[in-house]
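The listed protein sequences correspond, in order, to chains G and E.
If you read the first sequence in the working numbering, its first letter stands for residue 1, the second for the next number, and so on.
If you read the second sequence in the working numbering, its first letter stands for residue 114, the second for the next number, and so on.
Using N, Cα and C, we set each Cβ at its ideal position, and we do this for glycine too.
What follows is a set of notes on a single structure, which appears directly below.
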Amino acid sequence: DAEITQSPRHKITETGRQVTLACHQTWNHNNMFWYRQDLGHGLRLIHYSYGVQDTNKGEVSDGYSVSRSNTEDLPLTLESAASSQTSVYFCASKASENTGELFFGEGSRLTVL
Amino acid sequence: GENVEQHPSTLSVQEGDSAVIKCTYSDSASNYFPWYKQELGKGPQLIIDIRSNVGEKKDQRIAVTLNKTAKHFSLHITETQPEDSAVYFCAAPGTGNQFYFGTGTSLTVIP
């Protein structure tokens, strides 16, 4: 079955370190997204991509970057982790603009000490 | 981007009662409104959606209503069951292919 997977599921890191969260989908979806989930804020869009070599900033993109070198993967990089980036991160993908269904991964819980 | 507001943030109901969650959006051009359910430790999953040319849509015990003039839409769950306990999110589209989410409603169904 097609799926979307995130890794690692849990990570603890220190302030200032670079961290990369992986996201891999096997649906061949063009559209991929990264959200962070925090209590009281819901799901906030970080970055998104509509296809290979395309990346776009979302609502809360400062301190994050993404790259899209192939259809299946959209890794999220925290260049210099900050305590404010402690959160649960969700990757999602979508087939086309005619359907709204986002398929989410299981999430990656990141703690920055 | 789109501004989506969701209320209430928490909701407790007795099993068998109804639950209603409300959302408002800011962009009058938005034309598609999905609802997602998130169970503990998992990613959100789509449960129902509605397009702007429809005022109401039902799927068994869940329904969604849309008022485009007032720019609000609501999720209705009837005959609630303990397995309905979860966090529910509404969403609205941005100018492109992305979605903006409400802040979530934690629903607890008391047996």
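Chain E contacts made by the segment 30-42 of chain G, where a contact means CB separation under 7 Å: N31, F33, G40, H41, G42
Between V88(G) and R36(G), which are expected to be in contact by the criterion C-beta below 8 Å, what is the C-beta distance as a whole number of angstroms? 7 Å
At 7 Å on the CB atoms, spell out the chain G contacts of T216(E), in chain order. G40, H41, G42
Residues of the segment 154-183 of chain E with a CB closer than 8 Å to any CB of chain G: list them in chain order, please. G154, K155, G156, P157, Q158, L159, D162
Y201(E) versus K170(E), G129(E), S122(E), residue with shortest Cα-Cα distance: S122(E)
Give the interface partners of P206(E) over in chain G, defined as CB-CB distance under 8 Å, in chain order. G100
Rounded separation between G100(G) and K94(G) - CA only: 7 Å
Taking T208(E) as the reference, give the member of G105(G), R68(G), T111(G), E59(G) with the closest Cα. E59(G)
Neighbourhood of S49(G) by C-beta distance below 6 Å, restricted to the same chain and skipping five residues each side: M32, T55, R68, L74
With a threshold of 16 other CB atoms inside 10 Å of the CB of Q194(E), please say whether the residue is buried or exposed. exposed
Answer yes or no: does any C-beta atom of chain E fall closer than 8 Å to that of L45(G)? yes
Confirm the yes/no value for this check: CB of S84(G), any heavy atom of the ligand FAD, distance under 7 Å. As far as ligands go, the structure on display features none, and thus does not contain the ligand FAD.
Which residues share a DSSP beta bridge with S10(G)? Note on identity: in this sequence residue 10(G) is His, with Ser being the wrong assignment. The partner list for H10(G) (beta bridge, DSSP) reads R109(G).
Measuring straight from C-alpha to C-alpha, what distance separates F212(E) and P206(E)? 4 Å
Would you tell me roughly how many angstroms separate the C-alpha atoms of T182(E) and C136(E), rounded to the nearest one? 14 Å
Going by DSSP, name the residue or residues bridged to H189(E). V133(E), A176(E)
What does Q194(E) touch in chain G if you count any residue whose Cβ is under 9 Å from its own? In chain order: nothing, as chain G lies at least about 23 Å away.
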